[in-house]
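Report on the following structure.
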Amino acid sequence: MTSETMIEMSSVHKWFGELHVLNDINLKVTKGEKIVICGPSGSGKSTLIRCINRLEEHQRGEIVVEGTELTNDNRSVEKIRGEVGMVFQQFNLFPHLSILDNCSLAPIWVRKLPKVEARKKAMEYLKRVQIDDQAHKYPAQLSGGQQQRAAIARALCMEPRIMLFDEPTSALDPEMIKEVLDVMVGLAEGGMTMLVVTHEMGFAKEVADKIIFMDEGQIVESKNPTDFFANPESERTKTFLSQIL
Amino acid sequence: MSDINKNMTPPVIEIGVLGWMKKNLFSTWYNTVLTLIGLYFIYLIIPPFLSWVFFDATFSGTTREDCTSSGACWVFIKQNMKLIIYGLYPSDELWRINIAYFLLTVSIIYLLIPNLKYKGSVGIFLLFIFPVICVFLFSGGLGLENVETRLWGGLFLTLVIAGVGIVLSLPIGIMLALGRRSKLPIVSLLSTIFIEIWRGVPLITVLFMASNMFPLFMPEGVNFDKLIRALIGVMFFSAAYLAEVVRGGLQAMPKGQYEASQAAGLTYWKMMALIILPQSLKIVIPAIIGSFIALFKDTTLVLIIGLFDFLGIIQFVGTNPDWLGFSHEGYVFAAAIFWVFCFGMSRYSQRLEKKLDTGH
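As given, the protein sequences belong to chains V and A, one line each in that order. At position 142 of the first sequence (counting the first as 1) the number is 168 in this note's numbering, and the numbers step up by one without a gap. At position 161 of the second sequence (counting the first as 1) the number is 152 in this note's numbering, and the numbers step up by one without a gap.
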């Protein structure tokens, strides 16, 4: 496997007012790597991945995505957002547009793809997540699991090199979690670089190259799944694992 | 579950007219009294009004002498129709206004018929090309004779003021709303000041300032047309109100919509134009149309700066010695026409809401 660096975060800090939400984060992600980030709520795991596509601004340190440093320069932000796809907890589909239009909008307006081509590509990705038969419906007409799969297809239509998942199954009914995780496993097997914030430890075991445990803004533990579950070092990790497993 | 339960149907609700009346109108002794008093008032008002408007009214004739009955004298409206619709616009040039009325009516009817093709093009024509055509048709140029705006009047003038106000104030209002929510302090401050000043001043004051004070600030010899000054005043006044309406819609947008647009790489303007505004404007359609209806009725205030709009000209023809004493007919007619336009807008608003509903 090549070890091309996709994301490099060095000494990244961020505060929300007085609250130190990211405290000295150092993280290197190589091409094709799948990283699962877990931790108690408020530990800063969502903030960490949201810093990568600048939905949150880091205040100290350096984040380099595919050789481009994230700065206040809009061009660097736009360039990075074009390479990084994101899937949200609440799906955040555009409710006034059909599923197909949700998927083809950014390729048309950001990538400047011709409409016909963008729609063709959107249909391909919708087929891959198995909701091509729902393409002409509106988001509100779909189940939660279908909406989240549509949201994944929407992100994939931009052909990103990195995918960020911010608790993609937390808002879903239990019987729909599997259909979304299946899509994500398929994506991982295809070699996508992925950062996934999730509590689905089964998914972490199956897919992750590395599991990161965060608490109070710090990376407490960072190990491959076998070691992570078998010999966690820190007490906090042990407590967390005992609570969720 | 037993087989019996499977065959159960919901209970049939039977009310009927009598049941409904018993439940809603005569349920208690005081509701019965209220209903009877209400019916009595309806009996007092409606039949005399109907006989004045229709049954005892005079519709044919040419002079006031033809109006001998006790009802309304619609001859008064009929004889002055030209003034009421066109104002003092020269008789030889009326065809220019008629073309505009025709184009407007045809376009609107086209837009109202469901499932027709090219509606987008017709909409663009109505918003961008039609106004340009109107400017030339109404004021002259390109070989057409010049018609001064002091001759414009009647329903024609009302539609010009309301039309310009409606078409221009919405985009300005949207820009002001975006400006007020901008992260740039200067833009936000200027938008806020602009909105609050215009909202804090009565329209009548705006029109007075446009008509009487504005010329004082201009160097000698520079003279803007009075109608244009009034139009600008009406436009900004309405834009300031719309800005606050639109801002309400923007604030109702969930944060996730912004984040999803940004994550997809959309720039600020594309995000606004494609994702945020279409949704937030949809939420505030009733309030926007409400503003338009208010604007349409407020156009009658231009009377105080000497422009004869629809209502103004009806008042004016009522002072004609040949037709003294018929102002009731004039006001009832004006009310009816205003009602038709405003009710039309209101219905259109409801249709639009239904049509754009995607279930969220």
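Glycine included, each C-beta is placed from N, C-alpha and C at the ideal position. Only a predicted model underlies this, so the values are computations on that prediction, with no experimental measurement involved.
Just to make sure I have the definition right: I need the residues of chain A whose C-beta is within less than 7 Å of the C-beta of residue i. Which are they?
i               : result
L81 of chain V  : E250, Q253 and A254
N118 of chain V : G247, Q248, E250 and A251
Look up residue i in the DSSP assignment and say whether it is helix, strand or coil.
i                : result
D159 of chain V  : helix
L45 of chain V   : strand
G145 of chain A  : helix
T59 of chain A   : coil
I136 of chain A  : Correcting the residue type first, residue 136 of chain A is Glu in the shown sequence and not Ile. DSSP places E136 of chain A in coil when its eight states are reduced to three.
M(-8) of chain A : Caution is warranted here: a pLDDT of 48 is assigned to M(-8) of chain A, below 50, making its placement in the model unreliable, and no coordinate value can be reported.
R86 of chain V   : strand
Q115 of chain V  : coil
I304 of chain A  : helix
T263 of chain V  : helix
I338 of chain V  : For chain V, the structure presents residues 27 to 271; residue 338 of chain V sits outside this window and is missing.
D253 of chain V  : helix
E59 of chain V   : coil
K110 of chain A  : helix
G321 of chain A  : helix
D99 of chain V   : coil
V38 of chain V   : strand
D192 of chain V  : strand
K231 of chain V  : helix
C64 of chain V   : strand
M244 of chain A  : coil
A196 of chain A  : The displayed chain sequence assigns Thr, not Ala, to residue 196 of chain A. The answer is helix: DSSP assigns T196 of chain A an H, G or I state.
G78 of chain A   : strand
K54 of chain V   : strand
I33 of chain V   : strand
C183 of chain V  : coil
L92 of chain V   : For clarity, residue 92 of chain V is Glu in the given sequence; the question names Leu instead. Looking at E92 of chain V - three-state DSSP - the assignment turns out to be coil, as it is neither helix nor strand.
M27 of chain V   : For M27 of chain V, the predicted structure reports a pLDDT of 47, less than 50, and the residue's modelled location is therefore unreliable. A value from the coordinates is still provided. The answer is coil: DSSP assigns M27 of chain V none of H, G, I, E or B.
L207 of chain A  : helix
M166 of chain A  : helix
S130 of chain A  : helix
Please return the same chain residues whose Cβ sits closer than 8 Å to the Cβ of residue i, not counting the five positions on each side in sequence.
i               : result
K141 of chain V : S130 and I134
L102 of chain A : K110, V113, G114 and L117
T49 of chain A  : D57, C58, T59, S60, G62, A63, C64, W65 and V66
V24 of chain A  : none
V113 of chain V : Q174, A177, I178, A181, M189, L190, F191, D192 and P194
K231 of chain V : P251 and F255
Q85 of chain V  : H39, K40 and W41
Y322 of chain A : I305
E95 of chain V  : E88, I89 and S102
By Cβ distance below 7 Å, which residues in the same chain neighbour residue i in space, the five residues on each side in sequence not counted?
i               : result
S340 of chain A : I276, P277 and I280
L123 of chain V : L131
S248 of chain V : K236 and I238
G131 of chain A : N137 and V138
S282 of chain A : S229, Y232, L233 and V236
V209 of chain V : V155, R175 and I178
I270 of chain V : H225 and M227
E84 of chain A  : E136 and V138
D216 of chain A : T140
V223 of chain V : I63, K71, S72, I75, F191, D192 and E193
Along chain V, which residues have their Cβ under 9 Å away from the Cβ of residue i?
i               : result
T349 of chain A : P121, H122, L123, S124, Y164, P165, A166 and Q167
Q242 of chain A : Those within 9 Å of Q242 of chain A in chain V number zero; the least Cβ separation is about 17 Å.
Run down chain V in chain order and give the residues with a C-beta less than 7 Å from the C-beta of residue i.
i               : result
L257 of chain A : A132, W135 and V136
K261 of chain A : W135
Which whole-angstrom value is the C-beta distance of residue i and residue j, which I expect to be below 8 Å?
i               : j               : result
Q116 of chain V : G247 of chain A : 5 Å
L48 of chain V  : H39 of chain V  : 6 Å
C125 of chain A : A91 of chain A  : 5 Å
V62 of chain V  : I33 of chain V  : Going by Cβ atoms, the distance from V62 of chain V to I33 of chain V rounds to 15 Å, so no, they are not a contact pair.
V158 of chain A : P122 of chain A : 7 Å
G108 of chain V : G256 of chain A : 5 Å
I78 of chain V  : V110 of chain V : 6 Å
I75 of chain V  : L221 of chain V : 5 Å
F266 of chain V : P121 of chain V : That belief does not hold up - the Cβ atoms of F266 of chain V and P121 of chain V are roughly 36 Å apart, past 8 Å.
Could you pull out every residue in the same chain whose Cβ sits closer than 6 Å to the Cβ of residue i, ignoring the five residues on either side in sequence?
i               : result
R87 of chain A  : L128
S182 of chain A : L167, G170 and R171
S318 of chain A : G309
L302 of chain A : T291 and A325
Please list the partners that residue i has in chain A, where partner means a Cβ-to-Cβ separation under 9 Å.
i               : result
F114 of chain V : G247, E250, A251 and A254
R107 of chain V : Q253, A254, A255, G256 and L257
Give the residues of chain A in contact with residue i, contact being defined as C-beta atoms less than 8 Å apart.
i               : result
I104 of chain V : According to the sequence shown, residue 104 of chain V is Glu rather than Ile. Neighbours of E104 of chain V on chain A, chain order: G256 and T258.
Identify the contact partners of residue i in chain V, using a Cβ-Cβ distance below 8 Å as the criterion.
i               : result
K174 of chain A : What K174 of chain A touches in chain V: nothing, since even the nearest Cβ is about 12 Å away.
Q.
Any C-beta of chain V within less than 8 Å: which residues of the region 264 to 275 of chain A qualify?
A. Look at the region 264 to 275 of chain A: the residues with a C-beta under 8 Å from a C-beta of chain V are L265, I266, P269, Q270 and K273.
**Q.** Where the region 182 to 199 of chain V meets chain A: residues whose CB sits under 7 Å from a CB there
**A.** M184
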